[in-house]
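K.L.:
Numbering-wise, the sequence shown is residues 1 to 523 according to the numbering used here.
I am attaching a structure below and will ask some questions about it afterwards.
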Amino acid sequence: MACTPGPDSLGDSSGDERPKWDNKLQYVLSCVGFAVGLGNIWRFPYLCQSHGGGFVKECEGSSTVSYFWYRRTLNITADINYSGSVQWWLLVCLAASWAVVYLCVIRGIESTGKAIYFTALFPYLVLTIFLVRGLTLPGAAEGLTFLFTPNIQTLQNPRVWLDAATQIFFSLSLASGGHIAFASYNPSRNNCEKDAVIIALVNSTTSLYASIVVFSVLGFKAANDYGHCLDRNILSLTNEFDFPDQSISRDSYAAVLTHLNATQTKMVAGLHLESCRLQDFLDKSASGTGLAFIVFTEAILHMPGAPVWAVLFFITLFTLGLSSMFGNMEGIITPLLDTGVVPRWVPKEAITGAVCLVCFLSSTCFTLQSGNYWLEIFDNYIASLNLIMLAFMEVVGVIYVYGMEKFCDDIAWMTGRRPGFYWRATWKVVSPLLLLTILTAYMVVMVRTTMSYRAWDPQYKQFPLRQEKSYPGWVQAVCVLLSLLPALWVPAVALAQWFARRRRKQKSMQQETQLKLQDSVAC
């Protein structure tokens, strides 16, 4: 992923003008910041966890955090068919975020290289602070036990391994072009093998590290919710059977309930007590915005000094997203400059501004009242399948089209030694077969799975649970289009290049024929 030599190694006469990283640390931090993103915080822990009426009524029926997120922040619609209006506060935040991105990437790596020291390192500082605090909270041990206790029955489900395989594409930001763009600014003779191993190890370690932090805090939340559940049941028993206040403790609740069930069965059954099991609260899974803005936020609210922890957490989310955007933007801007699509006389600042503006305008759909539903669609359909297809085409294109031996020669020129048997076998056999298997399995799962979403509908009988709804036909068509369109650009461009080369060859042959005719006439 980081074995791209600079243009000077390819005979580009303009190589001396190309910017370079100030030092190797900038490059490594940029790749780590690009790879380590929001997926490490709110997607990987979720996978570990999941495989292990009016406004007043709406507020009373749900938690304060859920109400604030879905109603006050998103003002979400109850159905994706109703788009609603643009929420101006979300639009302002979106514009401000893209303005920050533009200021950071305005000069390419010359500007991102400076910002990356903060955006890549600050999350680790905050994660460490949260880890120390989280491990001291009641319930942290239960949360970590839940994280590291495998469910053998669940592990037998092929979907678990499919999720694990697709997660690595999110986690490492593979096949999206950012790593190749970053690597192209390295010196031509660079140990790309070492870089690739370091970045992969740091990313995987960060996912595990972040999961420990998240589950220590979620364990605290589960223990807190479990305690409140017991308190509500204790209050019901105290009122029904006229027990003295505080005569039933949380520790003695189970024994008291067992005794009452044996002696006063009908009265206990009539109370409709809640089922209070710590495991149930640990099993409550959420991903993406749900984990970050609801579950984790609710946990922070119960921590002493909640405002401080909230500020640290959301600054961390912002820096994680920002550092990932550096790689995404370089993956767009660098090819535009290197392939000559944009004339050389156009300033880089103007190109960067145009790209940021297009991205901002295309993302305004997420500021609609139905925007959160579309965010979930993009998260579920535009990335997984396309990244796997692009990775498969990359491996096949490099190894079987460009050629294994030529690729190994390039790496030997860069690193001073040819790749060993492990790398060659992985590139030629293991990776293509694994990717093809994952791609096939993923498509089968997609075909068999009903395309649905969970709507926030106060009129739903089981509210505040979110109602499961099937996507309407036109949305399903959009999902299919998003799942295939990005990857189809590769064969489309390849065909266009082939036809262009064929036309040039025919034109060259015609010119040669005309020259021969002219020579024969002259003779």
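Where a beta carbon is used, it is the ideal one built from N, C-alpha and C, also for glycine.
By DSSP, does S249 sit in helix, in strand, or in coil?
P.N.:
In this structure, S249 counts as coil in the three-state DSSP scheme.
K.L.:
State the beta-bridge partners of V86 as determined by DSSP.
P.N.:
L368, per the DSSP bridge assignment.
K.L.:
Which stretch, first to last residue, makes up the beta strand (DSSP E) that contains R454?
P.N.:
Looking at the DSSP string, the run of the beta strand (DSSP E) that includes R454 is 452 to 455.
K.L.:
Using only the alpha-carbon positions, how far apart do K507 and N81 sit?
P.N.:
K507 and N81: Cα-Cα distance of roughly 53 angstroms.
K.L.:
Within its chain, find whatever has a CB closer than 6 angstroms to the CB of V126; leave out the 5 residues flanking it on each side and keep chain order.
P.N.:
So the qualifying residues of the chain are L312, T316.
K.L.:
Buried or exposed, going by whether 16 or more other CB atoms sit within 10 Å of the CB of E512?
P.N.:
It counts as exposed.
K.L.:
Confirm, please, whether the CB-CB distance from W374 to I76 is below 7 angstroms.
P.N.:
Not in contact: I76 and W374 (Cβ atoms no closer than 7 angstroms).
K.L.:
If you scan the region 256 to 287 from start to end, which runs of the alpha helix (DSSP H) of 4 or more residues do you find wholly inside it?
P.N.:
Qualifying alpha helix (DSSP H) stretches, in chain order: 265 to 271, 278 to 283.
K.L.:
Check whether the Cβ of L74 lies closer than 6 angstroms to any heavy atom of the ligand NAP, and answer yes or no.
P.N.:
Absence of the ligand NAP is noted for the structure shown, with no ligands found whatsoever.
K.L.:
Give the secondary structure of A254 by DSSP, where H, G and I count as helix, E and B as strand, and everything else as coil.
P.N.:
Three-state result, A254: helix.
K.L.:
Who does E468 pair with in a DSSP beta bridge?
P.N.:
Looking at the DSSP assignment, E468 forms a beta bridge with R454.
K.L.:
Could you compute how far the alpha carbon of C479 sits from the alpha carbon of L488?
P.N.:
Their backbone Cα atoms lie some 15 angstroms apart in a straight line.
K.L.:
Determine the contact status of G113 and G331, defining contact as a CB-CB distance below 7 angstroms.
P.N.:
No, Cβ-Cβ distance for G113 and G331 is not below 7 angstroms.
K.L.:
Can you tell me whether DSSP reads S173 as helix, strand or coil?
P.N.:
Residue state, collapsed to three classes: coil.
K.L.:
Taking buried to mean at least 16 other C-beta atoms within 10 Å of its own C-beta, is G53 buried or exposed?
P.N.:
Note that G53 scores 45 on pLDDT, short of 50, meaning its location in the model is unreliable; the coordinates nonetheless yield the value given after this. Exposed: under 16 other Cβ atoms inside 10 Å.
K.L.:
Using the C-alpha atoms, what's the distance from T136 back to P304?
P.N.:
Going from the Cα of P304 to the Cα of T136 covers about 12 angstroms.
K.L.:
Does the beta-carbon of P531 have 16 or more other beta-carbons within 10 angstroms, so that it is buried, or is it exposed?
P.N.:
Residue 531 cannot be examined here, being either before or after the span of the chain that is shown, 1 to 523.
K.L.:
Pull up the distance between the alpha-carbon of L310 and that of F293, whole angstroms please.
P.N.:
The residue asked about is misnamed: residue 310 is Ala in this sequence, not Leu. Using only the alpha carbons, I get a separation of about 10 angstroms.
K.L.:
Could you tell me the alpha carbon to alpha carbon distance between W98 and R189, rounded to whole angstroms?
P.N.:
Near 35 angstroms, if we compare the C-alpha coordinates of R189 and W98.
K.L.:
Alpha helix (DSSP H) containing I333: first to last residue?
P.N.:
Where I333 is concerned, the enclosing alpha helix (DSSP H) stretches over 306 to 338.
K.L.:
Leaving out the 5 sequence neighbours to the left and right, which residues in its chain are closer than 6 angstroms to M393 when beta-carbon positions are compared?
P.N.:
So the qualifying residues of the chain are V490.
K.L.:
I'd like the list of long-range same chain contacts for Q26, defined as Cβ closer than 7 angstroms, with 5 residues on each side in sequence excluded.
P.N.:
These residues qualify, in order along the chain: G113, I116.
K.L.:
Looking at the structure shown, is W374 part of a helix, part of a strand, or coil, going by DSSP?
P.N.:
Helix at W374.
K.L.:
State the DSSP-derived secondary structure class of G53, mapped to helix, strand or coil.
P.N.:
Low local confidence applies: a pLDDT of 45 at G53 is under 50, so the model's placement there is unreliable, with the coordinate-based value given in what follows. Three-state DSSP puts G53 in coil, outside helix and strand.
K.L.:
For the region 186 to 200 against the region 208 to 217, are there 3 or more C-beta pairs whose distance is under 8 angstroms?
P.N.:
The region 186 to 200 vs the region 208 to 217: no contact.
K.L.:
State the start and end residues of the unbroken alpha helix (DSSP H) segment that holds V132.
P.N.:
Segment 109 to 135, the alpha helix (DSSP H) holding V132.
K.L.:
Under the assumption that F378 contacts L301 (Cβ atoms under 8 angstroms), give the Cβ distance between them as a whole number of angstroms.
P.N.:
No, F378 and L301 are not in contact; Cβ-Cβ is about 29 angstroms, not under 8 angstroms.
K.L.:
Out of F499, T64, G139, state which residue places its alpha-carbon closest to the alpha-carbon of P464.
P.N.:
Looking at the Cα atoms, T64 is the closest of the given residues.
K.L.:
Thinking just about the alpha-carbon of each residue, which of V92, G108, G61, V160 is nearest to the one in A441?
P.N.:
Closest by alpha carbon: V160.
K.L.:
For L433, count neighbouring C-beta atoms within 10 Å of its own C-beta (all shown protein chains included) and say buried if the count is 16 or more, exposed if not.
P.N.:
Exposed.
K.L.:
Checking 7 angstroms against the spacing of the C-beta atoms, do I399 and W427 come in under that value?
P.N.:
Result yes, Cβ atoms of I399 and W427 sit closer than 7 angstroms.
K.L.:
Determine, using beta carbons only, whether Y185 and I109 come nearer to each other than 7 angstroms.
P.N.:
Yes, they are a contact pair.
K.L.:
Can you list, in chain order, the residues of its chain whose CB lies under 8 angstroms from that of G227, leaving out five sequence neighbours each side?
P.N.:
R250, listed in sequence order.
K.L.:
Can you list, in chain order, the residues of its chain with a C-beta nearer than 6 angstroms to that of A181? Leave out the 5 residues immediately preceding and following it.
P.N.:
Same-chain partners within the cutoff: E330, G331, T334.
K.L.:
Would you mind stating whether S370 and S83 have Cβ atoms separated by less than 7 angstroms?
P.N.:
Yes; because the gap between Cβ atoms is below 7 angstroms, this pair is in contact.
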